[in-house]
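Engineer: Residue numbers (the working numbering), protein chains in the order written: chain A, 845 to 1159; chain B, -19 to 199; chain C, 1108 to 1773. Glycine is no exception: its CB is placed at the ideal position from the N, C-alpha and C atoms. Just so we're clear, the structure is a prediction, and the values are computed from it rather than from any experiment. I'd like to ask some things about the structure below.
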Amino acid sequence: MTFSGLVSQLLEIVLALAFAPLLTGWVNQWRAWLQNRSAPGLLQPYRLLHKLFNKDSVVAETASPIFRIAPYIVFACMALVCGIAPTLSTDLPLAPAADAIALVGLFALARVFISLAAMDIGTSFGTLGARREMLVGFLAEPALLMVLFSASLITQSTSLANIVESLAHAPFAIYPSLAVAGVAFTFVSLAENARIPVDNPATHLELTMIHEALILEYSGRHLALIEWAASLKLFAYSCIGLALFFPWGIANADTPLVMILAVPVLVAKLAVGGMLLALIETINAKMRLFRVPEFLATAFLLAVIALLVHVLLGA
Amino acid sequence: MEALLAQSINLFAAVLLVLAFAMIAQRRILTLIHLFTLQGASLVAATLVVAYLTGQHHLYYSAVITFVLKVVLIPILLHRVIQRLNVRWDVETLFNIPTTMLIGIVLVIFAFNLAAPIASLSASIAHGTLGIALACVLLSFLMMIVRAKAVPQVIGFLSMENGLFFAATAATSGMPMIVELGIAFDVLVGILILGVFMFQIREQFDSLDIRHLEKLKDE
Amino acid sequence: MLHLDWILVLVGAWLGLGLIGLLVLRNTAFVARVLFPAGGAVAIALAAVALAALFDVPETAVLVVGLPDLPFHLRLDGLSAFFLLVIGAAGAGISIFAAGYFRHGEGTPPGLLCLEYHVFLASMAMVLLADDAYAFMVMWETMALSSFFLVTANHRVPSIRQAGFLYLLVAHVGAIAILLCFGVLQANTGDYTFANMRAQSLSPLWASAAFLLATFGFGAKAGIVPLHVWLPEAHPAAPSPVSALMSGVMLKTAIYGVLRVGFDLLSVQIWWWGVLLLSLGLITALFGVTFSAVQTDMKRLLAYSSIENIGLLFVGIGLGVLFKAYGMDSLSALALTAALYHVISHAFFKSLLFLGTGSVLHATGERSLGKLGGLMRRMPWVGWLVLVGVLASSGLPPLSGFVAEWLLLQSFLFTTELPDTFLNMLIPVIAAAIALVAALAGYAMVKFFGVIFLGQPREPKLAEARDASRLERAGLVWLASGCVLLGLFPVPIITVIDRVTHLLIGAGIADTVRRNGWILLAPTALDRASYSPVIFLVVVCVAVLLSIWLVRRFYHGRLRFAPPWDCGFPAQTARMQDTAEGFGQPIRQIFEPVFRMQRELPSPFDDKPVYKVIIEDHFWHWLYLPIAHATELFARVVGRLQQGRIAIYLLYSFVTLIVLLLVVKS
């Protein structure tokens, strides 16, 4: 473990924690603009978090300790995700502890806990949300894993840092399998981050909601943590996607100083990515819940095709 | 640069495959037409790259023809057809979509396997693409089988032709010009006939559902 | 004394405990407080001896019991020692739990149950030690019979008798196949010792025949589709410690059998055996997990989950065979390590879950998920311990299930160099399916835990549910800590497993793994893949504690309790929660063709609307009922021979004798 590695590791986590809500705010702003609404300020998510942290937490009488511990676990999982995803540098001391498979496991861990917490109260909405979340999860998880695998097959490594390292610092080459995987990854990230066309984070209608139904009983600091974790998840997904498919401008162990350059590059990439996300959300309609498995099955099968394309073309 | 261009053919092949796959998964006819247009566009791009890399001038002409036919003319025709017939909406399929996609995966594996030995023999710039082209053809064929309406079937037919054309350009670096011209005309005539045919079905049965055609057999 | 002698002494101790149980037939307290804990202690000792034996040279012995001139040949090598370790380690927890579990007045008297239970344990251990076909079959059948009696402990219930019968039937069909397999393996030498079988070099045709018979025979015991039908009937019927023993431990003897025949007795592997095991395993895993997600009975859910896990084990073994056949020994070792890791991990978490259902069953008297709920508050010990098992079973880091899954996926990932293009294409597809199975297992497990322990109690009587007794808790804690330790310290466990893979294929991954210390698990090379459960856990815990502390530090920690909000809906009742049927609905819809479903929907005018859905297995109707009908038909035809008069029967014998004499003469 080198000093620069430690620095980049800490910097990454701190940056993620600090700026994840900003990304959410940015996406919300663009979405509002694209939909011809006046947008909330860029810092709105921070205000929301501050407000929620200051409120009393109201916990249902029927809740068990799982309900109260779950937000912290979800938050910790997402923080760790941001720690192992190479956003700025590939020289991360935490990276050997959890590779791509463990990353998917980490998402699954968070999902299982939030679903259990939703079932804990025993309300109709909570259990409904839990069921829908697990439904999205069981298709999105293998799809995500297969996307990461197609990158692993190219680089012969499942460690995210090494994958990005070899993609970013190898001579430029076109990988058709990654192109296919990229489409699948887009689908998965839309579903996993509760975005249109799978879920709509802006509404509280029974027919549309997955994520909102799940966290209906949370309030105060618990809700704040969950919202923050959701922001972190969006941030992590964006960073993983950018690192896999547009890996340029990420520092490595030999070039720690590139970190200084990596920050603006990342900001630029995230800004464009956020705009694209808002665009996707604007031009698509929310699909019926029954269509969601189809959507995710498409993503899963596309990811499998990406693997097959890799086997066929060797690239 | 050359190497990158050669790799880009593989990329276009993958795009073609994804689009063929997306067509199977897609219910709306309008989106189907868009996907078909995109497929045509990537085909044109692939042809241009092959033309540049191999220096075969006639491939430029065929790229132009493809562009005019598959990116401009046929999509416009199809748009007008669906407007006139008012069949923009969801397509019923014979199997449900995930099942069809699973069959699609099996077909892809089959096609890749079939092409793997040929690919290792071929010395052309993008030898791996033959498998993808074959997979595209099979997927489009599958789409023709499972769709119940006439318009998606026509699109399936056209996309199958895209796959064949791609196989001809990318894997074997192009056929003689005269063959390509012939094929292009064939497709154009084909789509005209099918267009007339669709209007006739519509007039006869007041629907584009080709299951009505089952009534036409001898009892 | 040799390790083998010690193990024989311990197995003898089990038998002795069983016999003592027979003496104190109805003294529940003595059986529960003395005999079962003693059995648990014996199990721990067995595990310890097995662990020591694992790092020693193989030992053999000849036991002169049974028929004259047919002694039992015994052998203790790495493979049997590993599985003995599994039996001992998991059996200890189960025995301790059973001490608190068995109570008065449940069918079979406790003393008899004690005998059957310990004979079951002893016969499983002896199966692993057997070194000739004769000893193996005797012990195999003893195992089947003792477990049959345990399954039918509550034999006054007709459905349990039926389940027992089905179990016995399939077990015997499987046993015949195993016997035939040994017949093929000895290659007409007439010597049924395993040593002789190892020495034979069979032609590929005969080797394949032996392998197919072994797959069929052991597959029937393991519950491979389509021979799985007995499993979801028998496991729920048995008392919970027995279910745990059957699911967690007995199924593993079948895995042992496959490994013993496939890698040890058969010297050469053929590539398509691997493909066969892979596809069987994959079908089984997918089948098991979809069915487990739609079950409404908690023990059936777990039984189907066992089918799924057995499927995954077969996938791992199949991959091992495939790589071995192509001479890729290190990859084969990786796949087998994954499978063996899953063996021990599954033994722990599935036993834990089954025992947990036992506690719930005792506390509430309900097995149906539709009548449970909210037990987390009433039974916190069982709840939290079962949660550990649930997380391990869902394959979540940093628990034991994840390590096995991780290793399995790793072995899929670096296999692009198989010489056959078709196999190369197949491997990623199978990896994808494995990922799907793992994610679906998470779905089923969330349903299992959420419906039983979370939410509000669906029945008023659940309010009186009591937490498990001390001994029960001790058993659960043992198994749960096993799940955690297996998850956190993969490197020492792989060192143990390495002995087995060295024995089977002459390669192992421990040397590579140990190079990176015990914290980091890197099966091939550090830059290819690495995983560290300890760091993982520490970081997550630190992050949790840090966030709790920071939130407390910077904001007030006020907390208010109020009735559930639920979008402001006032008339919430416990019946409005999702039921087990509701939770399984998406799976039912997505995987509709897999199930044979009958649904009764209520009409809008019903006063008491009833929704009913019955989910059955297609195989039952496609395979088993036709066979049963054909058998009945045949029996009816044969039945015509029976006239009821002695003279006629004597005539049959007489005619047969004459015919035989004629045949002999000609």
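#1: Quick one: Cα of Gly1562(C) to Cα of Ala974(A), how far?
#2: With 8 angstroms as the C-beta to C-beta threshold (strictly closer), list the residues of the region 6 to 38 of chain B near chain C in chain order.
#3: Which residues bound the beta strand (DSSP E) around Lys1719(C)?
#4: Just list the alpha helix (DSSP H) runs in the region 1057 to 1139 of chain A, keeping only unbroken ones of 4 residues or longer that don't cross its boundaries, in chain order.
#5: Quick check: the Cα distance between Leu855(A) and Ser1082(A), rounded to an integer number of angstroms?
#6: Using the C-alpha atoms, what's the distance from Ala1575(C) back to Phe1519(C)?
#7: Considering only residues of the same chain and omitting the five flanking positions on each side of His1453(C), which have a CB-CB separation below 6 angstroms?
#8: If you follow the beta strand (DSSP E) that Ala904(A) is in, where does it begin and where does it stop?
#9: Indicate whether at least one CB of chain A lies closer than 8 angstroms to the CB of Ala128(B).
#10: Candidates Ala939(A), Gly981(A), Pro909(A), Ser968(A): which alpha carbon is nearest Leu1633(C)'s?
#11: Would DSSP call Gln1696(C) helix, strand or coil?
#12: Taking just the CA atoms, how far does Leu1069(A) sit from Val1658(C)?
#13: Among Arg1573(C), Leu1275(C), Ser1347(C), Leu1429(C), whose alpha-carbon lies nearest the alpha-carbon of Arg1485(C)?
#14: Pull up the CB-CB distance for Leu1503(C) and Ala952(A), whole angstroms please, since I reckon it's below 8 angstroms.
#15: For Val925(A), which residues in the same chain have their Cβ closer than 6 angstroms to its Cβ, ignoring the five residues on either side in sequence?
#16: Is it buried or exposed, Ala1570(C), if we count other Cβ atoms within 10 angstroms and call 16 or more buried?
#17: Does the region 1486 to 1493 of chain C come close enough to the region 1403 to 1415 of chain C to have 3 or more Cβ pairs within less than 8 angstroms?
#18: With DSSP as the reference, please indicate the residues paired to Leu1666(C) in a beta bridge.
#19: Any contact of the region 1092 to 1100 of chain A with the region 991 to 1004 of chain A, i.e. 3+ C-beta pairs under 8 angstroms?
#20: Answer yes or no: does any C-beta atom of chain C fall closer than 8 angstroms to that of Ala0(B)?
#21: Smallest Cα separation from Arg1132(A): which of Leu972(A), Val1042(A), Ser1001(A)?
#22: So, under 8 angstroms CB-CB, Ala1122(A) and Trp874(A) are touching, yes? Tell me the CB distance rounded to an integer number of Å.
#23: Which residue or residues does DSSP assign as beta-bridge partners of Ala1168(C)?
#24: From the DSSP output, which residues share a beta bridge with Phe1702(C)?
#25: Check whether the Cβ atoms of Pro865(A) and Leu896(A) sit closer than 8 angstroms, and answer yes or no.
#26: For Val1148(A), which residues of its own chain have a beta-carbon under 7 angstroms away from its beta-carbon, when the five flanking residues on both sides are left out?
#27: Where do the N-terminal and C-terminal ends of the alpha helix (DSSP H) with Asn1531(C) fall, by residue?
#28: Since Ser1021(A) meets chain B, which of its residues come closer than 8 angstroms, beta carbon to beta carbon?
#29: On the CB-based measure, 16 or more other CB atoms within 10 Å of its CB, does Asn1044(A) come out buried or exposed?
#30: Could you check which residue in Ile958(A), Ala876(A), Glu1071(A), Gly1093(A) has the C-alpha nearest to that of Ala1106(A)?
#31: Who are the Cβ neighbours of Val1027(A) in its own chain at under 7 angstroms, not counting the five residues just before and after it?
#32: List the residues of chain A that Gly1480(C) touches, going by C-beta distances under 8 angstroms, in chain order.
#33: Once DSSP output is grouped into helix, strand and coil, what is the label at Leu1628(C)?
#34: With distances taken Cα to Cα, identify the nearest neighbour of Ala113(B) among Ile125(B), Asn66(B), Val88(B).
#35: So that I know if they touch, is there some Cβ in chain B lying closer than 8 angstroms to that of Thr1528(C)?
#36: Using a Cβ-Cβ distance cut-off of 8 angstroms, determine whether Phe92(B) contacts chain C.
Structural biologist: According to the data block:
#1: Those two C-alpha atoms are separated by around 12 angstroms.
#2: Taking 8 angstroms as the Cβ-Cβ cut-off, the region 6 to 38 of chain B has no residue approaching chain C.
#3: First-last of the beta strand (DSSP E) with Lys1719(C): 1719 to 1724.
#4: DSSP runs (the alpha helix (DSSP H)) wholly in the region 1057 to 1139 of chain A: 1064 to 1089, 1102 to 1127.
#5: Rounded to the nearest angstrom, the two C-alpha atoms are 17 angstroms apart.
#6: Rounded to whole angstroms, Phe1519(C) to Ala1575(C) spans 42 angstroms at the Cα level.
#7: Same-chain partners within the cutoff: Asn1416.
#8: Run containing Ala904(A): 901 to 904, per the beta strand (DSSP E) assignment.
#9: Ala128(B) does not count as touching chain A.
#10: Out of Ala939(A), Gly981(A), Pro909(A), Ser968(A), Ala939(A) has the C-alpha closest to the C-alpha of Leu1633(C).
#11: It is helical.
#12: For Val1658(C) and Leu1069(A), the distance between alpha carbons rounds to 9 angstroms.
#13: Distances from the alpha-carbon of Arg1485(C) to those of Arg1573(C), Leu1275(C), Ser1347(C), Leu1429(C) put Arg1573(C) closest.
#14: Yes, they are in contact, since the Cβ atoms of Leu1503(C) and Ala952(A) sit about 6 angstroms apart, within 8 angstroms.
#15: Leu950, Ala1080.
#16: By the neighbour-count rule (16 or more Cβ atoms within 10 Å), Ala1570(C) is not buried but exposed.
#17: Note that the region 1486 to 1493 of chain C does not touch the region 1403 to 1415 of chain C; fewer than 3 beta-carbon pairs, one per stretch, sit closer than 8 angstroms.
#18: Looking at the DSSP assignment, Leu1666(C) forms a beta bridge with Ser901(A).
#19: Fewer than three beta-carbon pairs drawn from the region 1092 to 1100 of chain A and the region 991 to 1004 of chain A are found closer than 8 angstroms, and the two stretches are therefore not classed as touching.
#20: So no, Ala0(B) is outside the interface.
#21: The option with the nearest alpha carbon to Arg1132(A) is Val1042(A).
#22: Sure, about 4 angstroms apart at Cβ, within 8 angstroms.
#23: Answer by DSSP bridge pairing, in chain order: Leu1181(C).
#24: DSSP, once it has assigned bridges, lists Asp1724(C) as partnering Phe1702(C).
#25: Between Pro865(A) and Leu896(A), the gap from beta carbon to beta carbon reaches 8 angstroms or more.
#26: Cβ neighbours of Val1148(A) beyond the five flanking positions: Met990.
#27: Annotation: the continuous alpha helix (DSSP H) that includes Asn1531(C) extends over 1528 to 1560.
#28: Going along chain B in sequence order, the residues near Ser1021(A) (Cβ under 8 angstroms) are Ala(-6).
#29: Classification for Asn1044(A): buried.
#30: Looking at the Cα atoms, Gly1093(A) is the closest of the given residues.
#31: The residues are Leu1146.
#32: Near Gly1480(C) (Cβ distances below 8 angstroms), the residues of chain A are Gly966.
#33: Three-state DSSP puts Leu1628(C) in a strand.
#34: The shortest C-alpha separation from Ala113(B) is found at Val88(B).
#35: Cβ-Cβ to chain B under 8 angstroms: yes for Thr1528(C).
#36: Contact with chain C is found for Phe92(B), since one of that chain's Cβ atoms lies less than 8 angstroms from the residue's Cβ.
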